[in-house]
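Asks: Protein sequence lines correspond, in order, to chains A and B.
Last residue of the first sequence: 338 (the numbering used here), numbering continuous.
Last residue of the second sequence: 338 (the numbering used here), numbering continuous.
All C-beta atoms in this analysis are idealised placements derived from N, C-alpha and C, irrespective of residue type, glycine included.
Number of protein chains: 2
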Amino acid sequence: MSSLTILNQAPHRSAALLVHLARHMRVRSEAAVAPLGLKARHLIALTVLRDQRGSTQAALATTLGVDRTNLVGLLNELECQKLIERRRSSEDRRRHTVELTDTGAELLAKAEFALAAAEDEVLAALDREQREALYGLLQLATAETPASCVAAEASPA
Amino acid sequence: MSSLTILNQAPHRSAALLVHLARHMRVRSEAAVAPLGLKARHLIALTVLRDQRGSTQAALATTLGVDRTNLVGLLNELECQKLIERRRSSEDRRRHTVELTDTGAELLAKAEFALAAAEDEVLAALDREQREALYGLLQLATAETPASCVAAEASPA
DNA sequence: TAAATCGTTTGTAGTTAGCAAACGATTACT
DNA sequence: AGTAATCGTTTGCTAACTACAAACGATTTA
Numbered sequence: 182m183s184s185l186t187i188l189n190q191a192p193h194r195s196a197a198l199l200v201h202l203a204r205h206m207r208v209r210s211e212a213a214v215a216p217l218g219l220k221a222r223h224l225i226a227l228t229v230l231r232d233q234r235g236s237t238q239a240a241l242a243t244t245l246g247v248d249r250t251n252l253v254g255l256l257n258e259l260e261c262q263k264l265i266e267r268r269r270s271s272e273d274r275r276r277h278t279v280e281l282t283d284t285g286a287e288l289l290a291k292a293e294f295a296l297a298a299a300e301d302e303v304l305a306a307l308d309r310e311q312r313e314a315l316y317g318l319l320q321l322a323t324a325e326t327p328a329s330c331v332a333a334e335a336s337p338a
Numbered sequence: 182m183s184s185l186t187i188l189n190q191a192p193h194r195s196a197a198l199l200v201h202l203a204r205h206m207r208v209r210s211e212a213a214v215a216p217l218g219l220k221a222r223h224l225i226a227l228t229v230l231r232d233q234r235g236s237t238q239a240a241l242a243t244t245l246g247v248d249r250t251n252l253v254g255l256l257n258e259l260e261c262q263k264l265i266e267r268r269r270s271s272e273d274r275r276r277h278t279v280e281l282t283d284t285g286a287e288l289l290a291k292a293e294f295a296l297a298a299a300e301d302e303v304l305a306a307l308d309r310e311q312r313e314a315l316y317g318l319l320q321l322a323t324a325e326t327p328a329s330c331v332a333a334e335a336s337p338a
């Protein structure tokens, strides 16, 4: 255990690289999906909703990391385009359950096809295998809070 | 080759996940490095500069994806803290060559240690190997434009 | 009945970033 | 030589995003 010398070596930290790369990706992505009437946050919300169907708005807010008051507007925009549906929860009628509609799923698929150019540009240095590996890691990392956990958080025993 | 059916399957697109994860990372990171007087953009700039020593400001601007007029203020803030140095290029005295100072390198190292908590939180679902793999992929992807290329872009033959 | 929760509305404030125009210094073109 | 272009810089404007707080009706819980 080199308890002292290890302090002189900088660890491998992904934070800056991740944010840096994501910035480029966000710019390119927004240009790619703009014709579909979507911005990055819509894309993220739809993507999260595809994995976490039936989340409550409070749960969605914590997952997305946005204020619940700001989430309202975001969901309104998506609901106007029939991409999502709000239903009252049968268990607790105060809550809204958010569901991805078929149109929403279709548009999300379209959007993902449209992202090809953006990803080719930003991930140019990665080959197909590496991109798949990156996708897997991202999928894993972002799935750290599955729907059940978030729902459990929102409604603690 | 299922040329038709493939159109019905959404490809694996990392864009949304990447931006989503980076959003969380940015929030946690800023909280972590705030005591050092740094924000995410400073962190990114310093990180890029560590790899691309001696870039001109124009090259840095394109690498960072920010306007050159806005880069001036960012570099001013870093220079005030003696983290970087601007020198006139000997080849073209219009240009400023940006260098990471020793203090800058030290502070960057400190900052990266401070990011431990942030990464532990955001990348909780990844083990050590996976985090290292992610770091490698990010390093590879962000290095798509090495200093020479950027410099070449800035001063085409 | 009283208190707490969920989604919602409204308003405020701060940060961020892009963009355009102009300038001095310097270099490149012809 | 003279003209045009480039680099960094300053200034000012603008739009977008987000956090945050306060309050409300509907509903659930104590």
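(1) Which of the three DSSP states, helix, strand or coil, is assigned to Gln279 of chain A?
(2) Going along chain B, which residues have a C-beta under 8 angstroms from His201 of chain A?
(3) Alpha carbon to alpha carbon, what distance is there between Lys263 of chain B and Thr282 of chain B?
(4) Anything in chain A within Cβ reach of Ile197 of chain B, meaning under 7 angstroms, just list it in chain order.
(5) Can you pull the chain B neighbours of Ala212 of chain A, defined as C-beta to C-beta under 7 angstroms?
(6) In whole angstroms, what separates the C-alpha of Ser329 of chain B from that of Leu245 of chain B?
(7) Consult DSSP for Arg194 of chain A and reduce its assignment to one of helix, strand or coil.
(8) Nearest-angstrom Cα distance between Ala297 of chain B and Thr237 of chain B?
(9) Which first and last residues belong to the alpha helix (DSSP H) in which Arg309 of chain A is found?
(10) At 8 angstroms on the CB atoms, spell out the chain B contacts of Pro192 of chain A, in chain order.
(11) Which residues bound the alpha helix (DSSP H) around Glu302 of chain A?
(12) Does the stretch 255-275 of chain A come within contact of the stretch 214-230 of chain A, defined as at least 3 CB pairs closer than 8 angstroms?
(13) Exposed or buried, what is Gly254 of chain A when buried is set at 16 or more other beta-carbons lying within 10 Å of its beta-carbon?
(14) Taking all protein chains shown into account, decide if Ser271 of chain B is buried (16 or more other Cβ within 10 angstroms of its Cβ) or exposed.
(15) Determine the DSSP secondary structure at Glu287 of chain B, reduced to helix, strand or coil.
(16) If I measure Cβ to Cβ from Asp248 of chain B and keep anything under 8 angstroms in the same chain, skipping five residues before and after, which residues do I get?
(17) Can you say whether Arg207 of chain A is buried or exposed, counting buried as having 16 or more other CB atoms within 10 angstroms of its CB?
(18) Is there a Cβ of chain A sitting closer than 7 angstroms to that of Gln238 of chain B, yes or no?
(19) Suppose you measure from the CA of Gly235 of chain B to the CA of Thr250 of chain A; what does that come to, to the nearest Å?
(20) Please say whether Leu318 of chain B and Leu321 of chain A have beta carbons closer to each other than 7 angstroms?
Replies: Well, looking at it:
(1) Just to set this straight, residue 279 of chain A is Val in the shown sequence, not Gln. In the three-state scheme derived from DSSP, where H, G and I count as helix and E and B as strand, Val279 of chain A is classed as strand.
(2) For His201 of chain A, the chain B residues whose Cβ falls inside 8 angstroms of its Cβ are Ile225, Thr228, Val229, Leu245 and Thr323, in order along the chain.
(3) So the two alpha carbons sit approximately 7 angstroms from each other.
(4) Per the sequence shown, the amino acid found at residue 197 of chain B is Ala instead of Ile. Using a Cβ-Cβ cut-off of 7 angstroms, Ala197 of chain B is close to Leu224, Ile225 and Thr228 of chain A, given in chain order.
(5) Contact of Ala212 of chain A with chain B by beta-carbon distance below 7 angstroms is absent, the smallest such distance being about 11 angstroms.
(6) Residue placement at Ser329 of chain B is poorly supported in this model, since its pLDDT is 41, which falls under 50; the coordinates still yield a value, given next. Using only the alpha carbons, I get a separation of about 15 angstroms.
(7) DSSP places Arg194 of chain A in coil when its eight states are reduced to three.
(8) Their Cα atoms are separated by approximately 31 angstroms.
(9) For Arg309 of chain A, the uninterrupted alpha helix (DSSP H) run begins and ends at Arg309 to Thr323, by DSSP.
(10) Simply Glu293, Phe294 and Ala297.
(11) Counting along the chain, the alpha helix (DSSP H) containing Glu302 of chain A begins and ends at Ala297 to Val303.
(12) Touching, per the Cβ criterion.
(13) Under a 10 Å Cβ-count criterion, Gly254 of chain A is classified as exposed, with fewer than 16 other Cβ atoms of the shown protein chains found around its own Cβ.
(14) Classification of Ser271 of chain B: exposed, given that the 10 Å Cβ count is below 16.
(15) For Glu287 of chain B, the three-state secondary structure derived from DSSP is helix.
(16) Hits under 8 angstroms: Ala242.
(17) It counts as buried.
(18) Under the Cβ criterion of 7 angstroms, Gln238 of chain B is not counted among the residues facing chain A.
(19) If I take the Cα positions, the gap works out to 45 angstroms.
(20) No; because the gap between Cβ atoms is not below 7 angstroms, this pair is not in contact.
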